[in-house]
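Asker:
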Amino acid sequence: MTASVSGGIDVTASVLGDIDVTASISGDIDVTASVLGEIVVTASVSGDMDVTASVSGDMDVTASVSGDMDVTASVSGDIDVTASVSGDIDVTASVLGDIDVTASVSRDIDHGLDDLTEDWCNRMATPGSNLIWQSFYSWMPFLTPTTRYT
Numbered sequence: 001m002t003a004s005v006s007g008g009i010d011v012t013a014s015v016l017g018d019i020d021v022t023a024s025i026s027g028d029i030d031v032t033a034s035v036l037g038e039i040v041v042t043a044s045v046s047g048d049m050d051v052t053a054s055v056s057g058d059m060d061v062t063a064s065v066s067g068d069m070d071v072t073a074s075v076s077g078d079i080d081v082t083a084s085v086s087g088d089i090d091v092t093a094s095v096l097g098d099i100d101v102t103a104s105v106s107r108d109i110d111h112g113l114d115d116l117t118e119d120w121c122n123r124m125a126t127p128g129s130n131l132i133w134q135s136f137y138s139w140m141p142f143l144t145p146t147t148r149y150t
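Residue numbers for the sequence shown follow the UniProt record's numbering, beginning at 1 and rising by one.
Right under this line is the structure:
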């Protein structure tokens, strides 16, 4: 792990529930951060935060920021994040300006990578649950699910 910061690093975490972090990695983790400004991370979670990561390859994360990085997360529900990767994860970010990330969630976040794909497919396959179906039915009213032909 390599970190080079010319400014300050402020990390604030306020959690009313539990934080469970599980990482299982059979490869290497290389994290490189170079920041000329400040890194301010604020997390406020009233529920539980469960993070599970399973990586069989290597994880390389490189971040280069010349501005400030401000990350704010406010969640009133639970955060459950599950990631299972059999290959390598290479993340490279180079930003000349500022990075401001703000997230405010009032319900639970409980999705794995497979769950997101399955949820999207289910929504696309369910009439009336997405904009594509709604726009289709708007100009073809006789095909609405409530109309039955015998």
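Glycine residues also receive a C-beta, built at the ideal position from the N, C-alpha and C atoms.
1. Do you know how far the Cα of S64 is from the Cα of L36?
2. Taking the Cβ atom as the reference point for each residue, do D68 and E38 lie within a distance shorter than 9 Å?
3. Near S86, what residues of its chain come up, given a Cβ to Cβ distance below 6 Å and the 5 sequence neighbours on each side ignored?
4. Check D50 in the structure and name its three-state DSSP category.
5. Could you tell me the alpha carbon to alpha carbon distance between D58 and S26, rounded to whole angstroms?
6. Opposite S26 in the DSSP bridges: which residues?
7. Can you give the beta carbon distance from L74 to S44, rounded, assuming they're within the 8 Å contact cut?
Answerer: Here's the rundown:
1. Against the sequence shown, residue 36 aligns to sequence position 36. Against the sequence shown, residue 64 aligns to sequence position 64. Computed Cα separation, rounded: 8 Å.
2. As a working note, residue 68 is residue 68 in the sequence shown. As a working note, residue 38 is residue 38 in the sequence shown. Result yes, Cβ atoms of D68 and E38 sit closer than 9 Å.
3. Translated into positions along the sequence shown, residue 86 becomes position 86. So the list reads S56, once near-sequence residues are dropped.
4. Position 50 of the sequence shown, counted from the start, is the residue given in the question as residue 50. Residue state, collapsed to three classes: strand.
5. Walking along the sequence shown from the start, residue 58 turns up at place 58. Walking along the sequence shown from the start, residue 26 turns up at place 26. Each residue's Cα considered, the two are about 8 Å apart.
6. Looking up residue 26 in the sequence shown gives position 26. Per DSSP, none; premise fails for S26.
7. Position 74 of the sequence shown holds residue 74. Position 44 of the sequence shown holds residue 44. Looking at the sequence provided, one finds Ser at residue 74 rather than Leu. Right, their Cβ atoms sit about 5 Å apart.
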